[in-house]
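Asks: According to the working numbering, the residues represented by the sequence shown are 276 to 696, in order. Every residue, glycine too, gets a C-beta built ideally from N, C-alpha and C. Only a predicted model underlies this, so the values are computations on that prediction, with no experimental measurement involved.
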Amino acid sequence: MTTSITPSVNLALQNTQSCNSELQQGPWLLDLPEMPDTYGPGASQSDLIPAQTPRQQVLPERYQRASDEELHEKIRAAKATLGDRVVILGHFYQRDEVIQHADFVGDSFQLARAAKTKPQAEAIVFCGVHFMAETADLLSTAEQSVILPNLAAGCSMADMADLDSVEDCWEQLTAIYGDETIIPVTYMNSSAALKGFVGEHGGIVCTSSNARAVLEWAFERGQRVLFFPDQHLGRNTAKAMGISLDQMPLWNPNKPLGGNTVAELENAKVLLWHGFCSVHKRFSVAQIDKARAEFPDVHVIVHPESPMAVVDAADSSGSTDFIVKAIQAAPAGSTFAIGTEINLVQRLAAQYPQHTIFCLDPVICPCSTMYRIHPGYLAWVLEELVAGNVINQISVSQAVASPARVALERMLSVVPSTKKA
Ligand code: SF4
Numbered sequence: 276m277t278t279s280i281t282p283s284v285n286l287a288l289q290n291t292q293s294c295n296s297e298l299q300q301g302p303w304l305l306d307l308p309e310m311p312d313t314y315g316p317g318a319s320q321s322d323l324i325p326a327q328t329p330r331q332q333v334l335p336e337r338y339q340r341a342s343d344e345e346l347h348e349k350i351r352a353a354k355a356t357l358g359d360r361v362v363i364l365g366h367f368y369q370r371d372e373v374i375q376h377a378d379f380v381g382d383s384f385q386l387a388r389a390a391k392t393k394p395q396a397e398a399i400v401f402c403g404v405h406f407m408a409e410t411a412d413l414l415s416t417a418e419q420s421v422i423l424p425n426l427a428a429g430c431s432m433a434d435m436a437d438l439d440s441v442e443d444c445w446e447q448l449t450a451i452y453g454d455e456t457i458i459p460v461t462y463m464n465s466s467a468a469l470k471g472f473v474g475e476h477g478g479i480v481c482t483s484s485n486a487r488a489v490l491e492w493a494f495e496r497g498q499r500v501l502f503f504p505d506q507h508l509g510r511n512t513a514k515a516m517g518i519s520l521d522q523m524p525l526w527n528p529n530k531p532l533g534g535n536t537v538a539e540l541e542n543a544k545v546l547l548w549h550g551f552c553s554v555h556k557r558f559s560v561a562q563i564d565k566a567r568a569e570f571p572d573v574h575v576i577v578h579p580e581s582p583m584a585v586v587d588a589a590d591s592s593g594s595t596d597f598i599v600k601a602i603q604a605a606p607a608g609s610t611f612a613i614g615t616e617i618n619l620v621q622r623l624a625a626q627y628p629q630h631t632i633f634c635l636d637p638v639i640c641p642c643s644t645m646y647r648i649h650p651g652y653l654a655w656v657l658e659e660l661v662a663g664n665v666i667n668q669i670s671v672s673q674a675v676a677s678p679a680r681v682a683l684e685r686m687l688s689v690v691p692s693t694k695k696a
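1) DSSP has C402 in a bridge; who is on the other side?
2) Nearest-angstrom Cα distance between G477 and P459?
3) Which residues in the same chain have their Cβ closer than 6 Å to the Cβ of M276, if we skip the five residues on either side of it in sequence?
4) What's the gap between the Cα of R496 and the Cα of Q562?
5) In three-state DSSP terms, what is I280?
6) May I ask whether a heavy atom of the ligand SF4 can be found less than 7 Å away from the beta carbon of C634?
7) How big is the Cα-Cα spacing for I363 and E475?
8) In chain order, what residues of the same chain have a beta carbon less than 7 Å from the beta carbon of R685, not counting five sequence neighbours either side?
9) Residues around the ligand SF4, please: the condition is that the C-beta lies closer than 6 Å to some non-hydrogen atom of it.
10) Is A543 closer than 8 Å to R499 when the C-beta atoms are compared?
11) Closer than 6 Å by C-beta to C552: which residues in its own chain qualify, once you throw out the five before and the five after it? Chain order, please.
12) Going by the CB atoms, is the gap between V573 and S592 shorter than 8 Å?
13) Would the beta-carbon of Q369 fall within 8 Å of that of N618?
14) What are the complete alpha helix (DSSP H) segments, minimum 4 residues, inside the stretch 508-560?
15) Would you be able to state if there are at least three C-beta pairs under 8 Å between the stretch 509-520 and the stretch 400-419?
16) To the nearest angstrom, how far is the alpha carbon of V690 from that of R510?
17) So the alpha helix (DSSP H) R499 belongs to, where does it begin and stop?
18) Taking a contact to mean a Cβ-Cβ separation below 8 Å, would you say G317 touches Y646 in this structure?
19) Does the Cβ of A486 have 16 or more other Cβ atoms within 10 Å, making it buried, or fewer, making it exposed?
20) Using a threshold of 8 Å, state whether the C-beta atoms of S594 and T482 are closer than that.
21) Compute the Euclidean distance between the alpha carbons of G639 and H649, then round it to the nearest angstrom.
22) For the alpha helix (DSSP H) that Y646 lies in, which residues bound it at each end?
23) Which ranges would you report for the alpha helix (DSSP H) in the stretch 312-389 if only whole runs of at least 4 residues count?
24) Secondary structure at I457, three-state DSSP: helix, strand or coil?
25) Following the continuous alpha helix (DSSP H) through S420, name the residue where it begins and the one where it ends.
26) Going by CA-CA distance only, name the one from L438, Q395, E659, C402 that's closest to F379.
27) Just to confirm, are Y338 and G651 a CB contact at a threshold of 8 Å?
28) Could you name the residues that DSSP lists as bridge partners for C481?
29) DSSP three-state label for G429, please.
30) Grab me the residues of L413's own chain with a C-beta within less than 7 Å of its C-beta, minus the 5 sequence neighbours each way, in chain order.
31) Nearest-angstrom Cα distance between N527 and S559?
32) What whole-angstrom Cβ distance do M435 and H507 have, given they're in contact under 8 Å?
33) What separation, rounded to the nearest whole angstrom, lies between the Cα atoms of S279 and Y627?
34) So, under 8 Å CB-CB, L540 and L501 are touching, yes? Tell me the CB distance rounded to an integer number of Å.
35) Going by the beta-carbon positions, is the gap between E659 and I669 smaller than 8 Å?
36) Helix, strand or coil for S592? Go by DSSP, reduced to three states.
Right, dumping it as structure tokens:
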């Protein structure tokens, strides 16, 4: 049986306008010590990597030099040798050359839960970004190792909120609010340390699928919410709940009182951290107008990490899972303009040829951090596993894991209001 080999560089990138010509190169060039401290080519290329973020050592040369076909053969052979001892998880935003080797494909939380169905796997190889591997470690057994093929695959949004800044913010807020209860809510796209912080302070984790139900949970327990790191998900969700914009001040961690007056903070219901996703902030109302002008029947769906004006101008907004299900359920011949990461949009367009599906942003600009996972890194970590070596393991300390699990369990206990009896 022959298996088709797809090139490690997406051919579509070569024929279309891309946000950076370096996308044609191997991401290991970005692991070299002389490279600038940014996430490299892609939508988050100009975001700085925080100093505490783990860095990838140089990928062994034999993987850098291998052809695409050789890398795929190495991966298949190592997987066959390891059998049930390994499970490979692939995030929706991951490139197809990696996704073709995944046992499960989904969003970060779906994948962490999918790994639980494979308790016999000694190793969980997470082809996503750092916070996702941490979450998988939180939800896996003590005997399992979670591996991130490229340690430099962080998430620029998650890195915009660090524990020190959040603790500093918390101190300032509790000084102002006194006895009132503030509930901290962290988006899944955050470090395990922040999940631990919210677990310790009566707070909770949310995803883009359950953010509204989680905010309702929070307001049953407190007067105000501190929401981090994504301002857009927080604003879009709170606005849909009827909270006015003047009750949602932005907290800039680099300014005293987050850049607000005491009066503004006293009026606040939801404090929004100054974080964003560099991929989703690229979407604009002008792109939606253009799509509607060209395709009058188009259905515009955007991810709620997009700016408020974009969500307001779209026909619907929702998580990656929501987007996938909307396309699956549509009658043949539908036209969709999608506001989310390009790898998922291109995959959906290939999987559903009965529809016209395109990305709102005409410039091909993938998530830089996902881009750091390449078949070369996957081949490397799998061959090391065959040799008995666990490399690039992500493990969350016990001190952080216990409260972080509490925050995740609170999230799992939340039932959306529409489902309440
Ligand atoms: S798409 Fe945005 S939020 Fe998702 S991993 Fe990339 S930078 Fe982070």
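Replies: Let's see:
1) By one-based count along the sequence shown, residue 402 stands at place 127. Its beta-bridge partners are G365.
2) Position 202 of the sequence shown, counted from the start, is the residue given in the question as residue 477. Position 184 of the sequence shown, counted from the start, is the residue given in the question as residue 459. One alpha carbon belongs to G477, the other to P459, and they sit about 7 Å apart.
3) By 1-based counting over the sequence shown, the position of residue 276 is 1. Residue confidence is low: M276 scores 30 on pLDDT, short of 50, so the model does not pin down where it sits. Its coordinate-derived value is still stated next. Excluding positions up to five away in sequence, the list is empty.
4) Locating residue 496 in the sequence shown gives position 221, where the first residue counts as 1. Locating residue 562 in the sequence shown gives position 287, where the first residue counts as 1. The straight-line gap from Cα to Cα measures roughly 40 Å.
5) In the sequence shown, residue 280 corresponds to position 5, counting from 1. Any reading at I280 must be qualified, since the residue scores a pLDDT of 28, below 50, and its modelled position is unreliable; no value is offered.
6) Numbered from 1 along the sequence shown, position 359 holds the residue referred to as residue 634. Flag unset: Cβ of C634 not near the ligand SF4.
7) Position 88 of the sequence shown holds residue 363. Position 200 of the sequence shown holds residue 475. Approximately 32 Å between the Cα atoms of the pair.
8) If you number the sequence shown from 1, residue 685 lands on position 410. So the qualifying residues of the chain are I479.
9) Going by the Cβ distance cut-off, the answer is S319, Y368, V404, C430, S431, M432, N464, C552, S553, V554, E616, C642, T644, M645.
10) Residue mapping note: residue 499 aligns to position 224 of the sequence shown, counting from 1. Residue mapping note: residue 543 aligns to position 268 of the sequence shown, counting from 1. The Cβ atoms of R499 and A543 sit closer than 8 Å to each other.
11) Here the question's residue 552 lines up with position 277 in the sequence shown. Excluding sequence positions up to five before and after C552, its CB lies within less than 6 Å of the CB of M432, E580, all in the same chain and listed in chain order.
12) Locating residue 592 in the sequence shown gives position 317, where the first residue counts as 1. Locating residue 573 in the sequence shown gives position 298, where the first residue counts as 1. Contact flag unset, no.
13) By one-based count along the sequence shown, residue 369 stands at place 94. By one-based count along the sequence shown, residue 618 stands at place 343. Yes, these two residues count as a Cβ contact at 8 Å.
14) Qualifying alpha helix (DSSP H) stretches, in chain order: 537-541.
15) No, the stretch 400-419 does not touch the stretch 509-520.
16) One-based indexing of the sequence shown puts residue 690 at position 415. One-based indexing of the sequence shown puts residue 510 at position 235. Between the C-alpha atoms of V690 and R510 there is a straight-line separation of about 21 Å.
17) Here residue 499 refers to the residue found at position 224 of the sequence shown. Counting along the chain, R499 falls outside any alpha helix (DSSP H), though it belongs to the beta strand (DSSP E) covering 499-503.
18) The count along the sequence shown starts at 1 and reaches residue 317 at position 42. The count along the sequence shown starts at 1 and reaches residue 646 at position 371. In this structure, Y646 lies closer than 8 Å to G317 by Cβ.
19) On the sequence shown, residue 486 is found 211 positions in, with the first residue counted as 1. Burial call: buried.
20) Within the sequence shown, numbered from 1, the residue matching residue 594 stands at position 319. Within the sequence shown, numbered from 1, the residue matching residue 482 stands at position 207. Inclusion of S594 and T482 in the CB contact set at 8 Å is warranted, their separation being smaller than that value.
21) Taking the first residue of the sequence shown as 1, we reach residue 639 at position 364. Taking the first residue of the sequence shown as 1, we reach residue 649 at position 374. What sits at residue 639 in the sequence shown is Ile, not Gly. Distance between the alpha carbons of I639 and H649: 18 Å.
22) Against the sequence shown, residue 646 aligns to sequence position 371. Residues 643-646.
23) Runs found: 336-340, 343-357, 371-374.
24) Translated into positions along the sequence shown, residue 457 becomes position 182. DSSP, read as helix, strand or coil, puts I457 in strand.
25) The residue given as residue 420 occupies position 145 in the sequence shown. Segment 420-422 is the beta strand (DSSP E) holding S420; no alpha helix (DSSP H) there.
26) As a first step, residue 379 is located in the sequence shown; it is residue number 104 there, counting from the start. Out of L438, Q395, E659, C402, the CA that lies nearest to the CA of F379 is found in C402.
27) Against the sequence shown, residue 338 aligns to sequence position 63. Against the sequence shown, residue 651 aligns to sequence position 376. Yes, the pair counts as a contact, with Cβ atoms nearer than the cut-off.
28) Numbered from 1 along the sequence shown, position 206 holds the residue referred to as residue 481. DSSP, once it has assigned bridges, lists Y462 as partnering C481.
29) Position 154 of the sequence shown, counted from the first residue, corresponds to residue 429. Assignment of G429 by DSSP, reduced to helix, strand and coil, places it in the coil class.
30) For this step, residue 413 is matched to residue 138 along the sequence shown. Hits under 7 Å: A467, V671, A676, A679, R680, L683.
31) Locating residue 527 in the sequence shown gives position 252, counting from the first residue. Locating residue 559 in the sequence shown gives position 284, counting from the first residue. Roughly 23 Å separates the two Cα atoms.
32) Residue mapping note: residue 435 aligns to position 160 of the sequence shown, counting from 1. Residue mapping note: residue 507 aligns to position 232 of the sequence shown, counting from 1. Contact doesn't hold; Cβ gap of about 12 Å is too wide.
33) Stepping through the sequence shown from its first residue, residue 279 is reached at position 4. Stepping through the sequence shown from its first residue, residue 627 is reached at position 352. The pLDDT assigned to S279 is 29, lower than 50, so where the model puts this residue is not dependable; a value taken from the coordinates is nonetheless given after this. C-alpha separation (whole angstroms): 20 Å.
34) Translated into the one-based positions of the sequence shown, residue 540 becomes position 265. Translated into the one-based positions of the sequence shown, residue 501 becomes position 226. That pair is no contact at about 11 Å.
35) By one-based count along the sequence shown, residue 659 stands at place 384. By one-based count along the sequence shown, residue 669 stands at place 394. Taking C-beta atoms as the reference points, E659 and I669 fail to come closer than 8 Å.
36) For the purposes of this step, residue 592 is taken as the residue at position 317 of the sequence shown. In this structure, S592 counts as strand in the three-state DSSP scheme.
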